[in-house]
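Student: My structure is below; once you've seen it, I'll send some questions.
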Amino acid sequence: MAICTSEEEFWIFGYGSLIWKPPPYFDRRVPGYIRGFVRRFWQASEDHRGTPDAPGRVVTLVERKIWETLGDHHNADEVVWGTAYRIEPSRVGHVKEYLDIREINGYSIHYVDVYQSDEKFPPIKALVYIGTPENPQFVARDTVPGETELAEHIYNSRGPSGDNKAYLYELHKSLEELCPESKDNHVRHLFRKVALLEADAKLNDDDSSISPSMAVEDDGDYMDFETTPH
Numbered sequence: 357m358a359i360c361t362s363e364e365e366f367w368i369f370g371y372g373s374l375i376w377k378p379p380p381y382f383d384r385r386v387p388g389y390i391r392g393f394v395r396r397f398w399q400a401s402e403d404h405r406g407t408p409d410a411p412g413r414v415v416t417l418v419e420r421k422i423w424e425t426l427g428d429h430h431n432a433d434e435v436v437w438g439t440a441y442r443i444e445p446s447r448v449g450h451v452k453e454y455l456d457i458r459e460i461n462g463y464s465i466h467y468v469d470v471y472q473s474d475e476k477f478p479p480i481k482a483l484v485y486i487g488t489p490e491n492p493q494f495v496a497r498d499t500v501p502g503e504t505e506l507a508e509h510i511y512n513s514r515g516p517s518g519d520n521k522a523y524l525y526e527l528h529k530s531l532e533e534l535c536p537e538s539k540d541n542h543v544r545h546l547f548r549k550v551a552l553l554e555a556d557a558k559l560n561d562d563d564s565s566i567s568p569s570m571a572v573e574d575d576g577d578y579m580d581f582e583t584t585p586h
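Residue numbers (the working numbering): 357 to 586.
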């Protein structure tokens, strides 16, 4: 539901895990998008979806004018969809402290205009956490990782908050369900690649569970592969 806002209100924009795991003490939640940025899985995660020895990958925002200089060969969406949360006035300080801890791994505070799907309403000025290219966890500073490389990294990573692939799956699901207009092709492509990796691994596990010397005939009797003519 689109709403009008006042300058005294405090809003937070979530474009990653905040979409499905919102901050505490919000009293309004509005789907919306921001302009001038690109969402990418280019932020290393040592504290949630990976470890210091084996960091996972989570999303950050890259200013479009900077992204255009990095040599990323994958197309970017025109806008970045997410969710804006209005925080209860008496709880703003508490929520800021909570998010400073949650987003401590390379993210810094910025402010953006969040546009609602119904553009007759004015944009919402919101705080957002971004891992800029200057932060040490940004992984595309020298070389932009390909989507296949990213997918394999995400599939194999896990940390205190769980599997890295679960983060990707939750983000994809949240964006697909956010509103009819919301999408992110980068997230969609990675979701499909990781889901295929997971399906292939499951098939290999199923194959390895079958005895190499035994098979089942149509009538349920066992046959020995080693003595059965090919």
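Think of the CB as a built atom: it goes at the ideal place given N, C-alpha and C, for glycine as much as any other residue.
Could you give the distance in angstroms between the alpha-carbon of Gly515 and the alpha-carbon of Ile480?
Tutor: Each residue's Cα considered, the two are about 34 Å apart.
Student: Who are the Cβ neighbours of Ala551 in its own chain at under 6 Å, not counting the five residues just before and after it?
Tutor: For Ala551, where only same-chain residues beyond five positions count, there are no Cβ hits under 6 Å.
Student: Keeping to the same chain, check which residues put their C-beta closer than 6 Å to that of Ile510; ignore five residues upstream and five downstream.
Tutor: Here the set comprises Arg413, Asn520, Lys521, Leu524 and Val550.
Student: Using the rule of at least 16 other Cβ atoms within 10 Å of the residue's Cβ for burial, across every protein chain shown, is Asn541 buried or exposed?
Tutor: So Asn541 ends up on the exposed side.
Student: Using C-beta distances below 8 Å, list every residue in its chain close to Ile422, excluding the 5 sequence neighbours before and after it, in chain order.
Tutor: Excluding residues within five positions, the ones whose Cβ falls inside 8 Å are Pro489.
Student: Name the DSSP bridge partner or partners of Val468?
Tutor: Bridge partners of Val468: Ala482.
Student: So Gly372 is in the beta strand (DSSP E); what residue range does that whole segment cover?
Tutor: Gly372 -> no beta strand (DSSP E), and no H or E assigned at all.
Student: Give me the Cβ distance between Val436 and Ile465, rounded to the nearest whole Å; I'm assuming they're in contact under 8 Å.
Tutor: Val436 to Ile465, Cβ: 17 Å. No contact.
Student: Considering only residues of the same chain and omitting the five flanking positions on each side of Glu475, which have a CB-CB separation below 7 Å?
Tutor: Counting only Cβ-Cβ distances below 7 Å, and skipping sequence neighbours, we find nothing.
Student: Within 10 angstroms of the Cβ of Glu459, are there 16 or more other Cβ atoms? Answer buried if so, exposed if not.
Tutor: It counts as buried.
Student: Given a cut-off of 7 Å, decide if Glu444 and Tyr485 are closer than it, judged by their beta-carbon atoms.
Tutor: No, Cβ-Cβ distance for Tyr485 and Glu444 is not below 7 Å.
Student: Could you check the C-alpha separation between Tyr471 and Arg395 for me, to the nearest Å?
Tutor: Answer to the nearest angstrom: the Cα atoms are 16 Å apart.
Student: Give the secondary structure of Phe366 by DSSP, where H, G and I count as helix, E and B as strand, and everything else as coil.
Tutor: Coil at Phe366, not helix or strand.
Student: If we require 4 or more residues per run, which alpha helix (DSSP H) segments fall completely within the segment 491 to 536?
Tutor: DSSP runs (the alpha helix (DSSP H)) wholly in the segment 491 to 536: 503 to 512 and 520 to 534.
Student: Should Ser373 be labelled buried (16 or more other beta-carbon atoms within 10 Å of its own) or exposed?
Tutor: Answer is buried; the Cβ neighbour count reaches 16.
Student: Could you give the DSSP three-state label for Phe477: helix, strand or coil?
Tutor: In the structure shown, Phe477 sits in coil (DSSP, three-state: anything other than H, G, I, E or B).
Student: With a Cβ-Cβ cutoff of 7 Å, do Gly427 and Val543 count as a contact?
Tutor: Result no, Cβ atoms of Gly427 and Val543 do not sit closer than 7 Å.
Student: What would DSSP say about Arg396, mapped onto helix, strand or coil?
Tutor: In the structure shown, Arg396 sits in a strand (DSSP, three-state: E or B).
Student: Just checking my contact of Gly388 with Gly438 at CB under 8 Å: how many whole Å lie between their CB atoms?
Tutor: Confirmed, Cβ separation roughly 7 Å.
Student: Please specify which runs of the alpha helix (DSSP H), each continuous and at least 4 residues long, are wholly inside the segment 429 to 467, giving them in chain order.
Tutor: The qualifying runs are 448 to 458.
Student: By Cβ distance below 8 Å, which residues in the same chain neighbour Leu531 in space, the five residues on each side in sequence not counted?
Tutor: Excluding positions up to five away in sequence, the list reads Ile375, Trp437, Ser538, Lys539, Asp540 and Val543.
Student: The beta strand (DSSP E) that contains Arg322, what's its start and end?
Tutor: This structure does not reach residue 322, given that the chain is present from 357 up to 586, and the question cannot be answered.
Student: One question on the structure: do Val495 and Trp398 come within less than 7 Å of each other, judged by their Cβ atoms?
Tutor: Contact: yes.
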